[in-house]
Amino acid sequence: QVLLCGVIAMRPEDPLTFLEEKLREIMEKGLDAVLWHLCIDLSLHPKLKRISESYLNTLFGLDGEQLMTEELCTKAWDFYSRNLMKLYFGGWMRYSLLRKKKRIKAKQKMSLAVVHYNVQVLRVVIQKWSTWVQIHKEKMTLAAKRLQQVFNKIYLNAVVKAWHAEAHSSLETKAYFESLAKESQKGCFESNNLTGRHKTSHLPEKALLQIFRYVNLVDLARCAQVSQTWMLLTQNSSLWSDINFSSVKHKVQDQIVVNILQKWRLYVLHLNLRGCCSLHRPSFESISECKNLQDLNLSECQGFNDESMRLISEGCRALLYLNLSYTDITNGTLRLLSSSFPNLQYLSLAHCRKFTDKGLLYLGSGKGCHKLIYLDLSGCIQISVDGFRNIANGCSRIQDLLINKMPTLTDRCIQALVEKCQQIMSVAFLDSPHLSDTTFKALTECKLVKVGIEGNNQITDLSLKLMSKCCPYIRHIHMADCQKITDAGLQMLSPLKYVLVLNVADCIRISDGGVRPFVQGSSGAKLRELNLTNCIRVTDASITEIAQRCHELTYLNLRHCENVADAGMEALGNMLSLISIDISGTSISDMGLRALGRRGKIKELSISECRNISDTGIQEFCKGTKYLEHCHVSSCPQLTDEAVKALAFHCQRLTSVNIAGCPQMTDTCIKYLAAACHYLHFLDVSGCIHLTDKALKYLWEGCKQLQILKMLYCRNITKQAVLKYTAKLEKQEHNDADPPSWLGYDRDGNI
11 QVLLCGVIAM RPEDPLTFLE EKLREIMEKG LDAVLWHLCI DLSLHPKLKR
61 ISESYLNTLF GLDGEQLMTE ELCTKAWDFY SRNLMKLYFG GWMRYSLLRK
111 KKRIKAKQKM SLAVVHYNVQ VLRVVIQKWS TWVQIHKEKM TLAAKRLQQV
161 FNKIYLNAVV KAWHAEAHSS LETKAYFESL AKESQKGCFE SNNLTGRHKT
211 SHLPEKALLQ IFRYVNLVDL ARCAQVSQTW MLLTQNSSLW SDINFSSVKH
261 KVQDQIVVNI LQKWRLYVLH LNLRGCCSLH RPSFESISEC KNLQDLNLSE
311 CQGFNDESMR LISEGCRALL YLNLSYTDIT NGTLRLLSSS FPNLQYLSLA
361 HCRKFTDKGL LYLGSGKGCH KLIYLDLSGC IQISVDGFRN IANGCSRIQD
411 LLINKMPTLT DRCIQALVEK CQQIMSVAFL DSPHLSDTTF KALTECKLVK
461 VGIEGNNQIT DLSLKLMSKC CPYIRHIHMA DCQKITDAGL QMLSPLKYVL
511 VLNVADCIRI SDGGVRPFVQ GSSGAKLREL NLTNCIRVTD ASITEIAQRC
561 HELTYLNLRH CENVADAGME ALGNMLSLIS IDISGTSISD MGLRALGRRG
611 KIKELSISEC RNISDTGIQE FCKGTKYLEH CHVSSCPQLT DEAVKALAFH
661 CQRLTSVNIA GCPQMTDTCI KYLAAACHYL HFLDVSGCIH LTDKALKYLW
711 EGCKQLQILK MLYCRNITKQ AVLKYTAKLE KQEHNDADPP SWLGYDRDGN
761 I
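Plus 10 on top of the position in the sequence shown (first one is 1) and you've got this note's numbering.
In structure tokens form, the structure reads like this:
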């Protein structure tokens with residue numbers, strides 16, 4: 011590189027000779043003597059000197075060979091000054107920023123301290139204010155209590171004075187009747203015909219009063235005509251606290267109601283006017299005078315409307331139970347309920363179609379019916395989701411909810427209701443086909459103890475699973491005609507410990523695989539009622555398991571369980587608790603029926619459509635059973651008068667008998683019933699084609715308590731005899747048409 015620089019700088023005429031000379035010179039001096047300007051002429055050397063490694067040379071005058079100049083020193087000083095300035099300025103900036111941050115942080119801490127101080131001051135103030143408010147409330151409560159005590163004393167004094175006046179009047183009335191009784195002792199009551207008193211005359215008055223409580227108004231009036239003693243007893247006020255006009259609804263008129271209520275208005279607590287269609291304004295005005303009335307039933311009163319309710323609301327402020335089902339009430343009545351009956355707890359609006367969602371808004375507004383715990387809205391198809399939401403907002407204490415026969419009911423309705431009504435314990439949704447498992451998901455928020463749903467094809471085993479998981483205290487399960495319920499659902503219910511009633515009628519998927527695990531579960535030993543109607547897959551295996559496990563079972567329905575036969579009846583015959591059983595349409599024979607009557611505790615028996623049973627089976631069953639009260643043997647064309655003879659002879663407590671569809675029955679069987687069964691209330695002889703007018707005469711003479719008689723397809727019974735012998739019955743049905751084909755025989759009784 012040095013040689014090349016020399017060639018470039020010197021530019022010799024003969025470069026090769028120049029290079030050769032310089033190489034020889036280098037070889038002679040050695041490499042250590044080689045300098046960068048070796049190959050350059052002295053005249054071409056630069057005038058600047060190299061920069062010394064320190065300033066000492068300059069200070070001591072040894073800078074002869076240095077390259078230092080004033081310009082370089084100036085630049086060096088400027089560079090040094092700038093770096094020094096940058097260093098100190100940066101330090102100053104960092105110091106300033108640090109002080110600024112400290113000031114900001116101190117300011118923030120100060121603001122927090124101020125806030126904390128204000129909060130502490132406010133807390134002290136609020137505590138003192140809260141203490142003052144509490145003391146003030148206690149003073150107000152004490153003052154209100156004292157005022158209430160004063161009011162109660164004044165009110166009690168007024169009540170006692172009114173009661174004293176009424177008691178004095180009653181004593182005068184009693185004294186008057188006693189004087190009449192003493193005067194009449196010398197009259198007709200001393201005749202020989204009345205000296206021999208009936209055995210009931212020797213009964214204590216308390217016992218007679220208890221008996222009189224079970225008779226209707228017409229019979230009570232008749233009892234008053236028996237003797238002077240009975241007449242006085244029928245005037246006892248305890249008999250008139252519960253008045254039931256429903257038993258004589260076709261005879262009761264305004265004048266009767268007015269007379270009775272005006273006389274006993276202070277004592278009436280329960281009043282039943284169900285089905286009384288002939289009542290008008292005077293009757294409702296007299297009801298309003300019953301100030302102590304607590305229970306009022308106006309169901310099916312055709313003349314009842316908003317104006318009638320207004321009259322009643324003016325006086326009956328103590329109502330707790332009110333039944334307005336099947337009436338023509340509108341929103342006006344619901345507004346009256348909310349303002350006039352704040353203590354109302356039980357309300358039925360079933361099948362009232364003229365009120366709207368707005369009326370239900372009135373029900374919970376103002377004073378409202380906020381204490382309502384029972385509500386029946388069955389058949390009110392006009393109610394929408396908004397209506398149920400109005401109920402939830404105003405009546406959140408509802409515990410029992412009935413919404414039957416309502417095809418418009420949906421899951422959203424129940425969800426809107428349950429949002430705020432979470433105290434619901436009992437629900438019934440019969441004939442509500444649009445509900446699904448979503449409804450039961452919503453109801454899991456409630457502690458259900460009773461569930462009823464029927465005629466639904468959307469409810470699945472999931473609902474039973476939710477029930478088992480979220481309703482551990484449920485006691486009553488009614489899931490009839492739910493086609494998607496299977497054995498798996500019943501198995502999920504087996505851990506429940508308190509189930510007393512289970513109804514899975516018409517759930518055709520149920521079989522032994524569901525029934526047996528359930529009765530083997532925690533509730534099997536406590537179960538009291540079980541309905542397996544039309545569960546065609548259930549066999550004797552389940553029945554045997556039921557007989558072994560369900561020691562408290564009293565009611566069992568196996569209607570149309572075709573696979574149940576004598577083996578199951580043999581097992582049921584050993585049950586001591588069973589008192590009611592329906593085995594209609596099963597495959598049992600005389601042997602099974604005889605085994606069923608072994609214990610003699612059955613009170614209700616239904617063996618309709620059992621073609622394998624004969625007169626012998628009925629006779630064997632009746633020999634061991636004396637307590638039978640209800641017996642239905644309809645659609646058994648093989649039975650004859652001998653079967654009824656055995657029933658009448660051995661079971662004289664019968665109150666209900668159904669022998670419809672038994673073409674071999676004659677007047678003789680009715681004669682047996684009339685001679686022995688004096689407590690008979692209901693009799694169905696429809697399709698007994700050989701009965702004549704004599705049968706009605708036997709009943710008229712022997713069955714004085716008969717109330718309902720059905721005589722359809724009895725062509726040998728004349729209309730004249732029906733009018734003559736059934737005029738006093740509560741209900742009778744008759745026609746002389748030929749038996750329909752579904753009875754299974756022709757007009758002559760041929761199968």
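Even for Gly, the Cβ is constructed at its ideal location relative to N, Cα and C.
Everything numeric in this text was worked out from a predicted model, so none of it was measured.
Just to confirm my understanding: we take residue i, look at its own chain, exclude 5 residues before and 5 after, and list those with CB closer than 7 Å. What are they?
i, result
"lysine 364", "Asp338, Ile339 and Thr340"
"arginine 559", "Val529, Gln530, Gly534 and Ala535"
"glycine 634", "Gly607, Arg608 and Gly610"
Could you say which of the options lies nearest to residue i if we only look at CA atoms?
i, options, result
"lysine 3", "Arg725, Ile297, Ala684 and Leu385", "Residue 3 falls outside the range modelled here, since the chain spans only 11 to 761, and no answer is possible."
"cysteine 545", "Ala535, Val509 and Ile520", "Ile520"
"valine 732", "Ile136, Leu427 and Asp703", "Asp703"
"isoleucine 518", "Ile589, Phe314, Asp497 and Gly671", "Asp497"
"asparagine 254", "Tyr165, Asn246, Arg223 and Leu166", "Arg223"
"glutamate 324", "Leu347, Tyr336 and Ser335", "Leu347"
"aspartate 252", "Gln717, Tyr277, Ala234 and Tyr637", "Tyr277"
"asparagine 466", "Asp447, Ile556, Cys456 and Ala452", "Asp447"
"aspartate 522", "Asp367, Leu500 and Ala581", "Leu500"
"arginine 327", "Ser504, Cys379 and Phe351", "Phe351"
"serine 618", "Gln159, Met95 and Glu572", "Glu572"
"isoleucine 484", "Gln493, Ile434 and Leu249", "Ile434"
"leucine 537", "Val654, Leu566 and Gln730", "Leu566"
"serine 616", "Ile591, Leu219 and Gln158", "Ile591"
"leucine 249", "Ala231, Phe161, Ala577 and Lys163", "Ala231"
Using a Cβ-Cβ cutoff of less than 8 Å, which residues in the same chain neighbour residue i once the five nearest sequence positions on both sides are dropped?
i, result
"proline 417", "Ile391, Asp441, Ser442, Pro443 and His444"
"aspartate 316", "Ile339, Thr340, Gly342, Thr343 and Leu346"
"glutamate 30", "none"
"valine 574", "Val548, Thr549, Asp550, Ile553, Leu568, Ile593, Thr596, Ser597 and Ile598"
"serine 375", "Ser348 and Gly404"
"leucine 649", "Ile623, Ser624, Asp625, Ile628, Val643, Ile669, Cys672, Gln674 and Met675"
"serine 201", "Bear in mind that a pLDDT of 40 at serine 201, under 50, signals an unreliable position, so the number given afterwards is only what the model happens to contain. Counting only Cβ-Cβ distances below 8 Å, and skipping sequence neighbours, we find nothing."
Where do the N-terminal and C-terminal ends of the alpha helix (DSSP H) with residue i fall, by residue?
i, result
"aspartate 471", "471–480"
"aspartate 748", "That residue, aspartate 748, is in no alpha helix (DSSP H); it is neither H nor E in DSSP."
"asparagine 269", "264–274"
"tyrosine 682", "677–686"
"histidine 642", "No alpha helix (DSSP H) holds histidine 642; the beta strand (DSSP E) holding it covers 640–642."
Are residue i and residue j close, meaning C-beta to C-beta below 7 Å?
i, j, result
"glutamate 310", "glycine 342", "no"
"leucine 385", "leucine 357", "yes"
"leucine 412", "alanine 438", "yes"
"serine 696", "leucine 722", "yes"
"serine 296", "glutamine 265", "no"
"lysine 415", "glycine 389", "yes"
"serine 478", "lysine 507", "no"
"asparagine 812", "asparagine 307", "With the chain running from 11 to 761 in the structure shown, residue 812 is simply not present."
"histidine 290", "glycine 313", "yes"
"alanine 656", "isoleucine 680", "no"
"cysteine 632", "alanine 658", "no"
"cysteine 431", "isoleucine 408", "yes"
"leucine 213", "valine 258", "no"
"alanine 585", "alanine 605", "Here residue 585 is methionine; the residue named in the question, alanine, does not match the sequence. Taking 7 Å as the Cβ cut-off, methionine 585 and alanine 605 do not qualify as a contacting pair."
Could you please give the first and the last residue of the uninterrupted beta strand (DSSP E) stretch that includes residue i?
i, result
"glutamate 743", "741–744"
"tyrosine 565", "565–567"
"aspartate 694", "692–694"
"valine 667", "666–668"
"cysteine 492", "486–492"
Can you list, in chain order, the residues of its chain whose CB lies under 6 Å from that of residue i, leaving out five sequence neighbours each side?
i, result
"histidine 488", "Gly462 and Asn513"
"lysine 209", "For lysine 209, the predicted model reports a pLDDT of 49, less than 50, meaning its position is unreliable; a value from the coordinates is still stated below. Around lysine 209: no qualifying Cβ."
"phenylalanine 199", "Its pLDDT being 40, under 50, phenylalanine 199 is placed unreliably by the model, and the measurement read from it follows with that caveat. Cβ neighbours of phenylalanine 199 beyond the five flanking positions: none."
"serine 751", "none"
"alanine 490", "Glu464, Asn513, Ala515 and Asp516"
"leucine 241", "A small fix is needed here, since residue 241 is methionine in this sequence, not leucine. For methionine 241, where only same-chain residues beyond five positions count, the Cβ hits under 6 Å are Ala234."
"threonine 205", "For threonine 205, the predicted structure reports a pLDDT of 38, less than 50, and the residue's modelled location is therefore unreliable. A value from the coordinates is still provided. None."
"glutamine 195", "Confidence is the limiting factor: at glutamine 195 the pLDDT is only 47, short of 50, which leaves the residue's position unreliable and the question unanswerable from this model."
Do three or more CB pairs link the region 741–748 to the region 658–670 at distances below 8 Å? no
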